[in-house]
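Report on one structure; see the data block that follows.
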Amino acid sequence: MYYSYRLIGLDRRVWLLGITRFIRSFGRGSTFILLPLVFTIYYGQSLVSTGLIIGSGTLIMAVVQYYAGVWTDKIGRRKILVFTQIPNILFYTLMYYFISIHSSLLALIAAWFSTVVFNALQYPAVQATVADVTSVEDRMSGFTAIRLMANLGFAVGPLTGAFLAGFGLQYIFLVAAATNVVEVIMLYRFMKESYVPTGAVISIKELGRSYRKDAVFVSFTVIGILYSILSTQRSSALTIYTVVLQNQPIIYLGYVWALNGFAVVLLQVPFLRLMTAYLNPMVWRAIGVGFGGLSFLILIRSPTLAILLAFMFISTIGEDFMAPTTQSIITSIAPQEYRGSYIGAYSLYTSAGTFVGSILGLWMLSIFVNIPYEFWLIIAAATLLVGALYIAMNPSFVRRFSLITGRNVPAAGLQQPHSQDSGKSK
Numbered sequence: 002m003y004y005s006y007r008l009i010g011l012d013r014r015v016w017l018l019g020i021t022r023f024i025r026s027f028g029r030g031s032t033f034i035l036l037p038l039v040f041t042i043y044y045g046q047s048l049v050s051t052g053l054i055i056g057s058g059t060l061i062m063a064v065v066q067y068y069a070g071v072w073t074d075k076i077g078r079r080k081i082l083v084f085t086q087i088p089n090i091l092f093y094t095l096m097y098y099f100i101s102i103h104s105s106l107l108a109l110i111a112a113w114f115s116t117v118v119f120n121a122l123q124y125p126a127v128q129a130t131v132a133d134v135t136s137v138e139d140r141m142s143g144f145t146a147i148r149l150m151a152n153l154g155f156a157v158g159p160l161t162g163a164f165l166a167g168f169g170l171q172y173i174f175l176v177a178a179a180t181n182v183v184e185v186i187m188l189y190r191f192m193k194e195s196y197v198p199t200g201a202v203i204s205i206k207e208l209g210r211s212y213r214k215d216a217v218f219v220s221f222t223v224i225g226i227l228y229s230i231l232s233t234q235r236s237s238a239l240t241i242y243t244v245v246l247q248n249q250p251i252i253y254l255g256y257v258w259a260l261n262g263f264a265v266v267l268l269q270v271p272f273l274r275l276m277t278a279y280l281n282p283m284v285w286r287a288i289g290v291g292f293g294g295l296s297f298l299i300l301i302r303s304p305t306l307a308i309l310l311a312f313m314f315i316s317t318i319g320e321d322f323m324a325p326t327t328q329s330i331i332t333s334i335a336p337q338e339y340r341g342s343y344i345g346a347y348s349l350y351t352s353a354g355t356f357v358g359s360i361l362g363l364w365m366l367s368i369f370v371n372i373p374y375e376f377w378l379i380i381a382a383a384t385l386l387v388g389a390l391y392i393a394m395n396p397s398f399v400r401r402f403s404l405i406t407g408r409n410v411p412a413a414g415l416q417q418p419h420s421q422d423s424g425k426s427k
């Protein structure tokens with residue numbers, strides 16, 4: 002077997018992180034979606050300039066996560082989870098203020114980049130904590146629980162943000178600051194350390210040599226880079242395409258992303274049952290990417306609200322099949338003391354792909370501005386190709402998983418019956 006279905010009885014730290022992910026995504030979800038409109042509408046930036054700004058933030062996030070992964074293995078998880086988020090209260094408040102007074106673009110970018118840095122510091126610690134407190138069998142269930150809570154917040158947050166945008170886009174950043182306060186208080190009060198460093202912390206140089214020799218990890222990362230280039234088109238490119246190029250109301254984006262959040266909440270649990278009963282996580286990734294490719298095909302039609310909702314629903318089905326497998330795969334093949342480091346390394350390279358995708362996507366969209374259906378057709382075809390690449394690397398993943406876990410697992414990924422106590426949390 003690969004993973005088991007288990008949501009009841011998970012370590013309570015998983016659900017604590019889930020609750021704080023809900024608070025976080027409720028407060029900050031709309032900031033990621035609507036920030037491109039701040040640059041294009043409030044500050045008059047071109048599509049390419051906006052893509053460069055957004056992409057640069059992603060690149061900064063990638064570099065920070067790379068080092069943050071090593072730090073979380075070196076000093077533990079709790080300190081990073083709690084104290085890295087305190088500065089963001091200030092920076093989100095500054096973003097609200099800068100937009101309100103229409104301050105210089107550079108001041109706004111500097112404040113936003115600062116939030117990116119401190120958000121990125123926390124990410125590997127969250128993922129490593131879930132891996133610390135779950136068994137291998139429980140791991141996909143643990144990451145699914147986190148995802149459920151985060152998307153519940155994402156269902157409400159963007160809709161709230163789109164409503165607030167009617168009064169001014171700056172208010173969404175004030176909400177982000179307020180919810181950040183609640184997140185910090187909860188983590189400080191209730192989060193207990195999940196990992197005591199053993200002293201066997203890998204250096205940045207040693208980490209590079211280690212993962213470059215790991216053929217499975219390298220292959221998984223390269224395909225992940227390609228996927229991140231394409232999947233990021235449903236954020237900045239979709240936002241600009243819908244509001245700026247097609248003149249649809251901003252509230253449509255609120256409806257669309259609310260559907261994303263609610264669809265995750267409704268579908269993720271039955272999909273988890275399916276994913277833990279049949280096939281294996283690498284095959285499910287391929288299936289998920291396939292749904293993503295099909296969703297982009299829908300956008301070759303003019304973006305009415307019905308078209309946008311259909312796109313997001315099918316895209317979310319693909320996301321539900323794919324998202325829980327990312328950290329499950331990485332933390333299952335990485336040694337425990339290097340989990341944060343491997344997560345950071347993967348995040349570095351895939352975020353670099355997001356950086357490229359943010360710029361490349363808006364540049365291509367500016368070229369295909371009069372024939373946008375061709376842009377979405379290219380993105381759809383390339384996404385389906387990435388799904389085929391995941392299928393191609395499945396045999397090597399099966400061999401590696403069996404070696405690391407010491408269990409023989411079927412190449413086809415069909416699960417074997419397991420006892421009721423096979424998935425107990427640590």
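Going by our numbering, the sequence shown wraps up at 427, each residue one higher than the last. Ideal Cβ positions, reconstructed from N, Cα and C, are used throughout, including at glycine.
Sub-8 Å separation of residue i and residue j beta-carbons
i	j	result
V49	A146	no
D74	Y350	no
T355	T59	yes
T384	F297	yes
G45	S237	no
V217	R401	yes
R286	Y391	yes
I299	I315	yes
A1	I61	What the structure shows of the chain is the stretch from 2 to 427, and residue 1 is not part of that stretch, so it cannot be assessed.
R79	M192	yes
P388	V71	Per the sequence shown, the amino acid found at residue 388 is Gly instead of Pro. Contact flag unset, no.
T332	A132	yes
L170	Y43	yes
L18	T130	yes
T222	S5	no
L35	A166	yes
Own chain partners of residue i with C-beta closer than 8 Å, once the 5 adjacent residues on each side are dropped
i	result
L268	T317, I318 and D321
F23	M150, A151, L153 and G154
G225	T327, Y347, Y350, T351 and G354
R397	One detail in the question is off: residue 397 reads as Ser in this sequence, not Arg. Taken in chain order, the residues that qualify are A216, V217 and S220.
S57	F114 and F356
Residues near residue i in its chain [Cβ-Cβ closer than 7 Å; skip 5 each side]
i	result
M313	V257, L260 and N261
I110	I54
I76	P198
A112	F92, L95, M96 and F99
R213	V219
V83	V185, L188, Y189 and M192
L309	T243, Y253 and V257
L380	Rather than Leu, the amino acid found at residue 380 in this sequence is Ile. Taken in chain order, the residues that qualify are L231, Q234 and F297.
Close Cβ partners of residue i (< 6 Å) along its chain, the five nearest in sequence each way excluded
i	result
L386	none
I230	G354, V357 and G358
I330	P282
N89	T116, F119 and N181
G158	S26, F27, G30 and S31
G255	P159, L160 and A163
Y343	I331 and A335
8 Å contact criterion, which residue i and residue j should meet: CB distance rounded
i	j	result
Q66	S348	4 Å
G293	S220	Wrong, their Cβ atoms sit about 20 Å apart, outside the cutoff.
V244	L38	6 Å
G341	A126	7 Å
N395	V284	6 Å
heavy atom of the ligand HEM below 7 Å from residue i C-beta
i	result
V357	Judged by which ligands are present, the structure shown has none, so any question about the ligand HEM falls away.
At least 3 beta-carbon pairs within less than 8 Å: the segment 260–273 vs the segment 306–324: Touching, yes, given that three or more Cβ pairs across the two stretches are closer than 8 Å.
Quick check: the segment 375–382 against the segment 248–259, are at least 3 beta-carbon pairs closer than 8 Å? With a cut-off of 8 Å on Cβ pairs, the segment 248–259 is not in contact with the segment 375–382, counting fewer than three such pairs.
Touching by the beta-carbon criterion (3+ pairs, under 8 Å), the segment 78–98 and the segment 168–178: Between the segment 78–98 and the segment 168–178 there are three or more inter-stretch CB-CB distances shorter than 8 Å, so the stretches are counted as touching.
Count the CB pairs spanning the segment 23–33 and the segment 144–164 that are closer than 8 Å, and state whether there are at least three. Touching, yes, given that three or more Cβ pairs across the two stretches are closer than 8 Å.
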